[in-house]
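Respectively, the protein sequence lines represent chains D and E. As numbered in the UniProt record's numbering, residues 1 to 347 make up the first sequence, in order. As numbered in the UniProt record's numbering, residues 1 to 347 make up the second sequence, in order. Okay, structure first, notes after.
There are 2 protein chains.
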Amino acid sequence: MKVVTLKAVAEKAAVARSTATHVLGGRGDELGIRLETQERVRQAARELRYQPNYLARGLTGGATQTLGVIWSFAAYHPHMMMRRELAMRLHTRGYQPLMADSFNDKERVRRDLDEFRRRGVDGLIIRPSSDLAGDKGIVKEIDRWSRKVVVADEVSTPLMRQSWPAVVREVQPAMDELARHLAATGRRRPGVLISSLGGNQAKTAAFLAALESHGLPGSWDQVVSLEGLYEKSQDDHCQMFEEGIGRAGLDFRRFDALLCNCDEGAAMVLRACEQQGVRVPEDLALIGFNDSPFCKGLSPRLASIGWENAKTADLVMQLMFSQLEGKTVEGVRESVPLTFQWRESAG
Amino acid sequence: MKVVTLKAVAEKAAVARSTATHVLGGRGDELGIRLETQERVRQAARELRYQPNYLARGLTGGATQTLGVIWSFAAYHPHMMMRRELAMRLHTRGYQPLMADSFNDKERVRRDLDEFRRRGVDGLIIRPSSDLAGDKGIVKEIDRWSRKVVVADEVSTPLMRQSWPAVVREVQPAMDELARHLAATGRRRPGVLISSLGGNQAKTAAFLAALESHGLPGSWDQVVSLEGLYEKSQDDHCQMFEEGIGRAGLDFRRFDALLCNCDEGAAMVLRACEQQGVRVPEDLALIGFNDSPFCKGLSPRLASIGWENAKTADLVMQLMFSQLEGKTVEGVRESVPLTFQWRESAG
DNA sequence: CTGAAAGCGCTTACAG
DNA sequence: CTGAAAGCGCTTACAG
Numbered sequence: 001m002k003v004v005t006l007k008a009v010a011e012k013a014a015v016a017r018s019t020a021t022h023v024l025g026g027r028g029d030e031l032g033i034r035l036e037t038q039e040r041v042r043q044a045a046r047e048l049r050y051q052p053n054y055l056a057r058g059l060t061g062g063a064t065q066t067l068g069v070i071w072s073f074a075a076y077h078p079h080m081m082m083r084r085e086l087a088m089r090l091h092t093r094g095y096q097p098l099m100a101d102s103f104n105d106k107e108r109v110r111r112d113l114d115e116f117r118r119r120g121v122d123g124l125i126i127r128p129s130s131d132l133a134g135d136k137g138i139v140k141e142i143d144r145w146s147r148k149v150v151v152a153d154e155v156s157t158p159l160m161r162q163s164w165p166a167v168v169r170e171v172q173p174a175m176d177e178l179a180r181h182l183a184a185t186g187r188r189r190p191g192v193l194i195s196s197l198g199g200n201q202a203k204t205a206a207f208l209a210a211l212e213s214h215g216l217p218g219s220w221d222q223v224v225s226l227e228g229l230y231e232k233s234q235d236d237h238c239q240m241f242e243e244g245i246g247r248a249g250l251d252f253r254r255f256d257a258l259l260c261n262c263d264e265g266a267a268m269v270l271r272a273c274e275q276q277g278v279r280v281p282e283d284l285a286l287i288g289f290n291d292s293p294f295c296k297g298l299s300p301r302l303a304s305i306g307w308e309n310a311k312t313a314d315l316v317m318q319l320m321f322s323q324l325e326g327k328t329v330e331g332v333r334e335s336v337p338l339t340f341q342w343r344e345s346a347g
Numbered sequence: 001m002k003v004v005t006l007k008a009v010a011e012k013a014a015v016a017r018s019t020a021t022h023v024l025g026g027r028g029d030e031l032g033i034r035l036e037t038q039e040r041v042r043q044a045a046r047e048l049r050y051q052p053n054y055l056a057r058g059l060t061g062g063a064t065q066t067l068g069v070i071w072s073f074a075a076y077h078p079h080m081m082m083r084r085e086l087a088m089r090l091h092t093r094g095y096q097p098l099m100a101d102s103f104n105d106k107e108r109v110r111r112d113l114d115e116f117r118r119r120g121v122d123g124l125i126i127r128p129s130s131d132l133a134g135d136k137g138i139v140k141e142i143d144r145w146s147r148k149v150v151v152a153d154e155v156s157t158p159l160m161r162q163s164w165p166a167v168v169r170e171v172q173p174a175m176d177e178l179a180r181h182l183a184a185t186g187r188r189r190p191g192v193l194i195s196s197l198g199g200n201q202a203k204t205a206a207f208l209a210a211l212e213s214h215g216l217p218g219s220w221d222q223v224v225s226l227e228g229l230y231e232k233s234q235d236d237h238c239q240m241f242e243e244g245i246g247r248a249g250l251d252f253r254r255f256d257a258l259l260c261n262c263d264e265g266a267a268m269v270l271r272a273c274e275q276q277g278v279r280v281p282e283d284l285a286l287i288g289f290n291d292s293p294f295c296k297g298l299s300p301r302l303a304s305i306g307w308e309n310a311k312t313a314d315l316v317m318q319l320m321f322s323q324l325e326g327k328t329v330e331g332v333r334e335s336v337p338l339t340f341q342w343r344e345s346a347g
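Given below as structure tokens:
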């Protein structure tokens, strides 16, 4: 259980500690260290099962194999899955993620960024809400990180101005697919049900635009917002929607197609329709959002919009590791289209 | 953006670095440092907004404000929620969690424990599968951690032998509640549907025992296992159960009450019942497991067994922070009963 | 091409 | 009670 240090490796290989560092850090060739010497060092490290101490490394400006992640990991399924996708990939590459659930709170984000720095984090992965992206102080803070990847759900202005490497998750393609499907299946009175406008504005706008481009009505009159119920039960979307639908006294005969901003909401609409004698999908095509695993557990199975988390995580890794390898990815912007997942409820 | 070090604080307070450390580390009184001096140091730290460098601290044997968590965070909702509950509480107290998703793989757990050590983690939170708990090497490894909390879903022998501080999540109380309810509502032919025996053995046994103690039949004949479908689609429990139910050609008229090992499974049973003309709950009382948020989105609403994640996380924190404050909690074992969540599907 | 030296920011014995 | 010194394990200039 004796801890093996670089010193031990150097001694075993009969070189100076600095030489050992250089070789193990992959700068052997660059510095022209004799190949035979390099091999000796690597051999020694292997035999002794040398594991660098990241604390010491971080303290001296080296890599800590730690990456900071700032994301608002609400209780929502897609965020939790995303978290997992990222964590798994980072672990596989020998990195530890420090994940801060910043709740889109500026003060917290600032503090977390600061803490990441003190902990010698090697790079930053952040999904700034449009709110954050609009804060000059935060933008400046993020800017100072030399290795970073930004994940954005909408291309907000402050992000566009920056040359930050980004993965943009595009909602429009999925909405187009959905609108095309609705038009093709003869729906005429599409609607949208959202828990609140904040956070759902962009997707709603995208859907309305898609509807119009497919010859269907697409005005904000068709949007019902249950505003104000969000704070009350952040983590229980089902209950939130149930209450909202009840209070608003919604009559689902008004629509023949309905997109909700989450699958839980759609599930509650399904229940309400049962009571109102509205048949899904015959009378109403119903579509959720997030493509939660339980969509397949409802009957009829719930159509939804999926996030492509795995693909997103892959691209984030690609952009981050390019930077960690010293490549520059300034201004690179990868996009991941969301996808429409057809299921029975969409008719 | 100048980094404020301990040195700066010491200089400002006109004391030696060691004195500053002692005071800020809370050992001022103990070492009999003059109160006035102490105040001067604290004042300086405050004014300069001193933030200790955890890397340096860890390197010299001090606390890194980092805690290692080993849990198998499958895609399952309760695990993801638990992760979040822990993370939030740790952040609140100024700790960063290092979370390793070890998939119950011994080699990975060993590696993660090792890495935690190299990173100067202050303590360990671990939920060992019964598999892990049975591995002597791992048990020894865990034993070496002076500050740890173990979370166990069943009191497996190796854990019992240890005096590790533990939070035990007890399934029996919930099963008793459930069995009592089934007996009281006149059910006579209860059954259990599980995806596989591994991992579900303890809860199944607990349920069968509870049934018998309430005068209902409780033998292993009533247990249907869809064995072998698990590997195929780890993350898609709905599909797994759908396939399993189909292949096994299950006829749900056989039972008048059914407990599933997850809510997704119960949801698929609900679908199958619809097709088979079995009414829930009239003909069949249906109960899921995990109390996923979407239980309320099904119709009828799905009864389930809930994990009490918040309470569990609270107890874990309590045990861990007692240790971090130097108290000894050897052999302390807190228990958290799971709870039966009645909803319409249980009749 | 290689090695001795300084230093990262802290903590812990150990003198006075 | 306080301070000067050594050391944690590494990396980075800087001599030779």
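For every residue, glycine included, the Cβ atom is placed at its ideal position computed from N, Cα and C.
Could you list which residues in chain D have their beta carbon closer than 9 Å to that of residue i, in chain order?
i, result
"residue 268 of chain E", "296, 297"
"residue 47 of chain E", "Those do not exist, as residue 47 of chain E stays about 17 Å from chain D at its closest Cβ, beyond 9 Å."
Using only alpha-carbon positions, find the residue among the options that is nearest to residue i.
i, options, result
"residue 26 of chain D", "D:62, D:47, D:8, D:3", "D:62"
"residue 200 of chain D", "D:171, D:185, D:190", "D:171"
"residue 202 of chain D", "D:217, D:169, D:183", "D:169"
"residue 126 of chain D", "D:92, D:64, D:119, D:164", "D:164"
"residue 296 of chain E", "E:131, E:343, E:53", "E:343"
"residue 64 of chain D", "D:70, D:71, D:55", "D:55"
"residue 129 of chain E", "E:74, E:68, E:88, E:120", "E:74"
"residue 133 of chain E", "E:71, E:118, E:259", "E:71"
"residue 218 of chain E", "E:191, E:195, E:198, E:241", "E:191"
"residue 316 of chain E", "E:237, E:307, E:86", "E:86"
Would you report the Cα separation of residue i and residue j, rounded to the nearest angstrom?
i, j, result
"residue 17 of chain D", "residue 321 of chain D", "27 Å"
"residue 94 of chain E", "residue 112 of chain D", "10 Å"
"residue 124 of chain D", "residue 106 of chain D", "16 Å"
"residue 262 of chain D", "residue 334 of chain D", "25 Å"
"residue 45 of chain E", "residue 19 of chain E", "13 Å"
"residue 143 of chain D", "residue 136 of chain D", "10 Å"
"residue 346 of chain D", "residue 337 of chain D", "20 Å"
"residue 3 of chain D", "residue 21 of chain D", "17 Å"
"residue 82 of chain D", "residue 292 of chain E", "18 Å"
"residue 331 of chain E", "residue 162 of chain E", "8 Å"
"residue 255 of chain D", "residue 99 of chain D", "42 Å"
"residue 177 of chain E", "residue 244 of chain E", "28 Å"
"residue 7 of chain D", "residue 140 of chain E", "28 Å"
"residue 351 of chain E", "residue 301 of chain D", "This structure cannot speak to residue 351 of chain E, because chain E is shown only from 1 to 347."
"residue 34 of chain E", "residue 145 of chain E", "35 Å"
"residue 250 of chain D", "residue 77 of chain E", "30 Å"
Considering residue i, what are the terminal residues of the beta strand (DSSP E) in which it resides?
i, result
"residue 304 of chain E", "304-306"
"residue 169 of chain D", "166-170"
"residue 225 of chain D", "223-225"
"residue 124 of chain D", "123-126"
Mind listing the chain E neighbours of residue i? Cutoff is C-beta to C-beta under 9 Å, in chain order.
i, result
"residue 202 of chain D", "Simply none; closest approach about 24 Å."
"residue 314 of chain D", "What residue 314 of chain D touches in chain E: nothing, since even the nearest Cβ is about 16 Å away."
Quick one: list the residues of chain E neighbouring residue i, beta-carbon separation under 7 Å, in chain order.
i, result
"residue 118 of chain D", "51, 53, 54"
"residue 98 of chain D", "96"
"residue 236 of chain D", "293"
Would you mind telling me which residues of chain E sit closer than 8 Å to residue i, beta carbon to beta carbon, in chain order?
i, result
"residue 239 of chain D", "296"
Just curious, the alpha helix (DSSP H) that residue i is in, first and last residue?
i, result
"residue 201 of chain D", "201-213"
"residue 138 of chain D", "136-143"
"residue 321 of chain D", "309-324"
"residue 340 of chain E", "Premise fails: residue 340 of chain E lies in the beta strand (DSSP E), 339-341, not in any alpha helix (DSSP H)."
"residue 163 of chain D", "First-last for residue 163 of chain D: undefined, no H or E at that position."
"residue 12 of chain D", "6-13"
"residue 152 of chain E", "Note, residue 152 of chain E: premise wrong, no alpha helix (DSSP H); beta strand (DSSP E) at 148-152."
"residue 235 of chain E", "It is not in any alpha helix (DSSP H) - residue 235 of chain E carries neither H nor E in the DSSP assignment."
"residue 17 of chain E", "17-24"
Starting from residue i, find everything on chain D with Cβ-Cβ shorter than 8 Å and list it in chain order.
i, result
"residue 36 of chain E", "Those within 8 Å of residue 36 of chain E in chain D number zero; the least Cβ separation is about 30 Å."
What does residue i reach in chain D if we use C-beta pairs closer than 7 Å?
i, result
"residue 58 of chain E", "55"
Which runs of the alpha helix (DSSP H), 4 residues or longer, sit entirely within the segment 47-108 of chain D? 54-59, 77-92
List, from N- to C-terminal side, the beta strand (DSSP E) runs of 3 residues or more that fit wholly inside the segment 168-193 of chain D. none
Would you list, in sequence order, the uninterrupted alpha helix (DSSP H) runs of no fewer than 4 residues that lie entirely inside the segment 237-309 of chain E? 237-248, 263-276
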